[in-house]
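4 protein chains.
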Amino acid sequence: MISASTAHIHVDEGGAPERIGGFKLLTVPTDDGKLTPELVDREAWGWGDEHRAQPLVVSITQSTELGTLYTAEEITALADHAHERGMKLHVDGARISNAAAALDLPLRAFTRDAGVDVLSFGGTKNGAMLGEAVVVLNPEASDGLIYSRKYNMQLSSKMRFVSAQLIALLEGDLWLRNARHSNAMAQRLRNAVEAGLADGSIRGVGFTQPTQANGVFATLPDGIADRLRESFRFYDWDASRNEVRWMCSFDTQESDVDAFVAELARLTTT
Amino acid sequence: MISASTAHIHVDEGGAPERIGGFKLLTVPTDDGKLTPELVDREAWGWGDEHRAQPLVVSITQSTELGTLYTAEEITALADHAHERGMKLHVDGARISNAAAALDLPLRAFTRDAGVDVLSFGGTKNGAMLGEAVVVLNPEASDGLIYSRKYNMQLSSKMRFVSAQLIALLEGDLWLRNARHSNAMAQRLRNAVEAGLADGSIRGVGFTQPTQANGVFATLPDGIADRLRESFRFYDWDASRNEVRWMCSFDTQESDVDAFVAELARLTTT
Amino acid sequence: MISASTAHIHVDEGGAPERIGGFKLLTVPTDDGKLTPELVDREAWGWGDEHRAQPLVVSITQSTELGTLYTAEEITALADHAHERGMKLHVDGARISNAAAALDLPLRAFTRDAGVDVLSFGGTKNGAMLGEAVVVLNPEASDGLIYSRKYNMQLSSKMRFVSAQLIALLEGDLWLRNARHSNAMAQRLRNAVEAGLADGSIRGVGFTQPTQANGVFATLPDGIADRLRESFRFYDWDASRNEVRWMCSFDTQESDVDAFVAELARLTTT
Amino acid sequence: MISASTAHIHVDEGGAPERIGGFKLLTVPTDDGKLTPELVDREAWGWGDEHRAQPLVVSITQSTELGTLYTAEEITALADHAHERGMKLHVDGARISNAAAALDLPLRAFTRDAGVDVLSFGGTKNGAMLGEAVVVLNPEASDGLIYSRKYNMQLSSKMRFVSAQLIALLEGDLWLRNARHSNAMAQRLRNAVEAGLADGSIRGVGFTQPTQANGVFATLPDGIADRLRESFRFYDWDASRNEVRWMCSFDTQESDVDAFVAELARLTTT
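Residue numbers (the working numbering), protein chains in the order written: chain P, 110 to 379; chain Z, 110 to 379; chain B, 110 to 379; chain R, 110 to 379.
Okay, here's the thing in structure tokens:
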């Protein structure tokens, strides 16, 4: 399975894909968390060589772990590329609603219509208590799925309580409103910090990625991250260069963003 | 891992223990779903023989898949027996609250105090939307548990919603009231059918297990099970001998039981 | 995977089928180590039930772990039965040369022509240093085999040394001569013990299985097995009833058998 | 498990470590196939973080897949570094005899005495038909090894034929003579090509690694590799830059090397 080296399945699943799935992840470094056909080809080789784990799936994340977006055209190109080589395209859609909101496209425009074979549709990061749906867009890619759901211990005995949440999100536009809101909060944060840098009220902050969905990736002056965390929760992304990851959510309030920016200003100027 | 041949982990997990855990289940037939030290010894041998999967854990279910109960003394004997042979004792407690209610004992009397090493405490069958807790009573039996929870895909990202349900069950006596209620409904069902058999209003029904918790196991005349299922949901247990399994739950009403018995009477006498 | 409860894959592989293959073995007790369609049906059910490990393969051993034989007709019946239910038939042929010798049939008469899908052809027990061949008779049952051979660590880097042994066995009739010899030695042993029992020179020995290939299964008076093992190597089969397993090999000599019988006579009559 | 990205376990085992072992390989690019404590630290982090596969083992190859050598001091430094962080050090010693010959050191000087926990000692690449020995130098690192040998299908039923080969190699100095010979042949090859480049009889060949054991890594002019392979067998290493890998063996003759060099000269100058 080929993925970006920043993919959640590679860095944040405790080795489950290897240990439970038996997969070998073939990972490729990227600048922005996005694979391209050229990057895929760094690992997409060796079919028929019995000594090499066979590349059978390309897995991408939309929006990515770095807060960036694939366009519908980019996903189509990846799907075509994968299919030409006998591989399937999987999309980790933990934040796919954010992508739909940001791209201003219906979900199918950059999933089914783009050639995606299997999608994991995320509910948890968009307002649900818990619940993700594995959406099989290409039935040929779903052999034995009801059995693997069970033996992989993902079949709840009262699945209706998961379904109810997905219905609540999807029967109207709650999924989209939640996603638009979290994207807007990230944009508000980005804009406010940029404005602060411009007028000098904030100092020493840089950005490492564009803000295309609900995340802002920034570098901070030494020591600021920990002091900021005394009041707000967020993770380091790359501690070696003081890079942090600020994610906005369906329940982030404008006042939360404003308070955060104010504290950042205070800490970087005093 | 040694279990009864009726154990849920053997018959109803889609092969997950073998496929995901890598365990070999060494199963023993029983009359009533209960292991004894003697039954354990049928498979508890071969330590040090490199050709044999090593028996390291005895797993029992309380209350059992057949609606029967282990006494605290029986569990203690099994724990002692397992420990003497270098094995651990695991309790599948999907219905352990029913056992506590039926035994009229505190949970610890037949778990920690009896020598149980690891218990799975069931919330789902006792009123929760979903949620089971792996309770490590012997810390030496929990090596690497936070990692195996993750790579076995049992770590919810918003675990607080599972915890909240367990807190609701356990901070007062809701867990016990729910369990007592479902046990009482099973007893009401058993009593009513027995009374019907005695007075002739029900015919041809037999019982295959004592009703010690929230389940009634019965045999029915040919064809009755399917007709009864037109109005009520229940599973066959052993279709080859018309054996069915009637489970009562925290939300079973007295009126449900009474309607069920009335329909059973109607079907078996007309 | 359905097998007899005495199958080597169940009792003597250290749990490899479960741990490495991820298989759940569904085992059936037998009198003589042989499955029948009726015995298969005890576990061949539940297709489509997501809670049950799906039965996909029937595995038999020819000759069996109890020294008994399937006829070509019996294997055909099992293959037809398996195929009707969407299952494949695997034959563990660790001793298949002994079966061919005993049945006096070409190998294909009771493998390919009988409908066997995959056969493991044993070299090790028939004179090779090491070497078994997985023989795919039904190409549809071999999906991905060159890859699974590698990741299951069965691809030797100098496979030619394994092949050379199989060629030596199979290009002439060495495989058959070796097998006939070991079968004849087992028959000599059986005959000699029966004669000894008849004339009183041997006492208290019983037989638990017919001797159809290269093994003799016998019960001995208390204490005899261990005393006999002071001079000869053999295994207990069921120590609880003094049952032992005497296997003859390509390099067993007539004088070995005669000395063994003489010692057995001495031990059981003094 | 941390290894160089060129490690055989990463690139040439068909995904067995992941699929069968359940390991996640954390790989680090290197120039010469050798890890250093600094390179290890790129992946040696995250202990206690339940979301990250825990780094528990550092695996190095001696001599490396690039024909280079670790000194005893370098291995000691890696072992100390691993142990300080609670990790074990594994050495893939498929060509460890070549290393001993090249370093002119007893095996223990750069294994046991250097702090290696587990070593795989290679016989196959040094003259055996087949046979590698897992040598446990730190008994605490071998928990359950006799069982894992079996369920990982590495226990031959006639292991004596493997042992006999290792005894033949190790009871005298055959292991060392074989290794010295193959190293000498590689050096002869390297020297001859360098001489040819110097005197103009060979053109356009470069070297990408030092020749420290039995391998020569070279770059060739376009098209030469395939023409050379019409007469001699060798693998591409990195086809994208015409890099090839020439390995010498216990049975490589001086005349083989000389003929190879002559053909290389002919092909690169005509």
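A virtual CB, placed ideally from N, CA and C, is assigned to each residue, including glycine.
Nothing here was measured: the structure is a model prediction, and the numbers come from that model.
At least 8 angstroms separates the CB of R/R221 from every CB of chain P.
A direct Cα-Cα distance of roughly 22 angstroms separates P/A203 from P/L298.
Taking a 10 Å sphere around the C-beta of P/Y179, we find 16 or more other C-beta atoms and assign the residue as buried. Proximity to Z/G324 across Z/I111, Z/S112, Z/G142 and Z/T136 peaks at Z/G142, based on C-alpha coordinates. Contact of B/E182 with chain Z is not assigned, every C-beta pair being separated by 8 angstroms or more. Within its own chain, the residues whose Cβ lies closer than 6 angstroms to the Cβ of P/S229, once the five positions on either side in sequence are excluded, are D201, G202, E241 and V243, listed in chain order.
When C-alpha distances from P/R221 are compared across P/K259, P/N235, P/A181 and P/M294, the shortest belongs to P/A181. The alpha-carbon separation between P/L148 and P/A191 amounts to approximately 12 angstroms. Looking only at Z/G281, Z/I111 and Z/A273, the smallest Cα-Cα distance to Z/L239 is reached by Z/A273. At least 8 angstroms separates the beta-carbon of P/C357 from that of P/A277. In this model, B/R194 and B/I111 are separated by some 13 angstroms (Cα to Cα). The shortest CA-to-CA distance from B/F316 to any of B/W355, B/V366, B/L283 and B/L198 is the one to B/W355. A contact is defined here as three or more CB-CB pairs under 8 angstroms, and the segment 158-165 of chain B fails this definition with respect to the segment 158-169 of chain Z. For a Cβ distance threshold of 7 angstroms, residue set E159 and H160 of chain B lies close to P/K259, ordered along the chain. Identification of chain P residues near B/Q171 by a Cβ-Cβ cut-off of 9 angstroms yields none; the smallest Cβ-Cβ distance measures about 29 angstroms.
Comparing alpha-carbon positions, the option among R/V353, R/T173 and R/F341 lying closest to R/S364 turns out to be R/F341. Residue environment for P/W346: buried (at least 16 other C-beta atoms within 10 angstroms of its C-beta). Boundaries cannot be given for P/R151, as no beta strand (DSSP E) includes it and DSSP labels it neither H nor E. Identification of chain B residues near Z/F132 by a Cβ-Cβ cut-off of 9 angstroms yields G124, E127 and R128, ordered along the chain. When R/F132, R/G124 and R/A113 are compared, the shortest CA-CA separation from P/E122 is found for R/F132. As summarised for the segment 276-364 of chain P, the continuous alpha helix (DSSP H) elements at least 4 residues long and confined to that stretch are 283-308 and 333-337, given in chain order.
If you check the CB distance, P/S172 and P/A116 do not come in under 8 angstroms. Excluding sequence positions up to five before and after Z/R151, its CB lies within less than 6 angstroms of the CB of V137, all in the same chain and listed in chain order. For R/G224, same chain residues with a beta-carbon under 7 angstroms away, outside a window of 5 residues either side, are T185, A188, D189, H192 and L198 in chain order.
Around the Cβ of P/S266, a 10 Å sphere holds fewer than 16 other Cβ atoms; the residue is exposed. Using a Cβ distance threshold of 8 angstroms, B/A208 and B/A322 count as a contacting pair. A straight-line Cα-Cα distance of about 14 angstroms links Z/K259 and Z/S251.
The C-alpha of P/V227 is placed about 22 angstroms away from the C-alpha of R/R128.
Secondary structure of Z/S272 (DSSP, three-state): helix.
Z/L134 is a Cβ neighbour of Z/I118, given a cutoff of 8 angstroms. The beta-carbon separation of Z/Q263 and Z/T177, rounded to 28 angstroms, does not stay under the 8 angstroms limit for a contact. Using a Cβ distance threshold of 8 angstroms, Z/T378 and Z/S310 count as a contacting pair. One Cα belongs to Z/R289, the other to Z/K234, and the distance between them is close to 13 angstroms.
Under DSSP, Z/V227 takes part in a beta bridge, and its partners are Z/H199 and Z/V245.
Residue contact with chain R for Z/Y344: absent (no Cβ-Cβ distance below 8 angstroms to any residue of chain R).
Chain-ordered, the chain R residues with CB closer than 9 angstroms to the CB of Z/L264 read E159 and H160.
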